[in-house]
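A.B. asks: Note that our numbering has the sequence shown beginning at 34, numbered continuously upward. Ideal placement from N, C-alpha and C gives every residue a C-beta, glycine not left out.
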Amino acid sequence: MSTLRLRPHHILCLQTFRGSGYSPDFVAGMKKIVAELEENAETSLQIVNICDDICHLCSNRNGWSCTSLRPSIFDVLVSGRYNILPGKEYTWKTLLSMLPPLSLELLEECCPNCQWLSLCRQIVSEETPVST
Numbered sequence: 034m035s036t037l038r039l040r041p042h043h044i045l046c047l048q049t050f051r052g053s054g055y056s057p058d059f060v061a062g063m064k065k066i067v068a069e070l071e072e073n074a075e076t077s078l079q080i081v082n083i084c085d086d087i088c089h090l091c092s093n094r095n096g097w098s099c100t101s102l103r104p105s106i107f108d109v110l111v112s113g114r115y116n117i118l119p120g121k122e123y124t125w126k127t128l129l130s131m132l133p134p135l136s137l138e139l140l141e142e143c144c145p146n147c148q149w150l151s152l153c154r155q156i157v158s159e160e161t162p163v164s165t
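Written as structure tokens, this is what we have:
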């Protein structure tokens, strides 16, 4: 696969994706991207502030923009907090190393009012080991 275009907040979405989505076509596209990244952590990703390769099958897309302003807010929160710069290329492995492990606090901070937040909370809660 060539260089993927990726919005900053989708770094989080890719880590919590478990098969839910806007449509069957969207889910199939997401599964393909997740499989590529799991198979090759050195995949090149260009960070963008417009619709990316995940958005192209989303029903909320209008050209290169989203019909909602929320994804742009999520992008600013993730890129600002973790210094992930639009226009720059990273590998998936590098991006993951730039963020702390997923946590409920990270989701609350970077994904306020996301329609998928409750599902992501559940996924992170189930996969986060309890400290003793």
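State the Cα-Cα distance for the pair residue 91 and residue 40, rounded to the nearest angstrom.
C.D. replies: Taking the sequence shown and counting its residues from 1, the one referred to as residue 91 is at position 58. Taking the sequence shown and counting its residues from 1, the one referred to as residue 40 is at position 7. Taking the straight line from one Cα to the other gives about 14 Å.
A.B. asks: Report yes if the C-beta distance between residue 157 and residue 129 is below 8 Å; otherwise report no.
C.D. replies: Stepping through the sequence shown from its first residue, residue 157 is reached at position 124. Stepping through the sequence shown from its first residue, residue 129 is reached at position 96. No, the Cβ-Cβ distance between residue 157 and residue 129 is not below 8 Å.
A.B. asks: So does the region 79-88 actually touch the region 41-54, counting three or more Cβ pairs closer than 8 Å?
C.D. replies: Yes: at least three Cβ pairs fall under 8 Å.
A.B. asks: Is the distance from the Cβ of residue 38 to the Cβ of residue 81 below 8 Å?
C.D. replies: As a first step, residue 38 must be located in the sequence shown, where it is residue number 5. As a first step, residue 81 must be located in the sequence shown, where it is residue number 48. Yes; because the gap between Cβ atoms is below 8 Å, this pair is in contact.
A.B. asks: Quick one: Cα of residue 94 to Cα of residue 159, how far?
C.D. replies: Within the sequence shown, numbered from 1, the residue matching residue 94 stands at position 61. Within the sequence shown, numbered from 1, the residue matching residue 159 stands at position 126. Looking at the two C-alpha atoms, the distance is approximately 31 Å.
A.B. asks: Bridge partners of residue 71, per DSSP?
C.D. replies: As a working note, residue 71 is residue 38 in the sequence shown. Paired residue(s): none; residue 71 is not in a bridge.
A.B. asks: Ignore the nearest five residues each way along the sequence and tell me which others in residue 135's own chain have a CB closer than 6 Å to its CB.
C.D. replies: Counted from its first residue, the sequence shown places residue 135 at position 102. 48 and 157, listed in sequence order.
A.B. asks: Suppose only complete runs of 4+ residues qualify. What are the alpha helix (DSSP H) ranges in the region 35-85, listed by chain order?
C.D. replies: Counting whole runs of 4 or more residues, the region 35-85 contains the alpha helix (DSSP H) stretches 43-49 and 57-72.
A.B. asks: Could you spell out where the beta strand (DSSP E) holding residue 124 opens and where it closes?
C.D. replies: Taking the sequence shown and counting its residues from 1, one reaches residue 124 at position 91. Counting along the chain, the beta strand (DSSP E) containing residue 124 begins and ends at 122-124.
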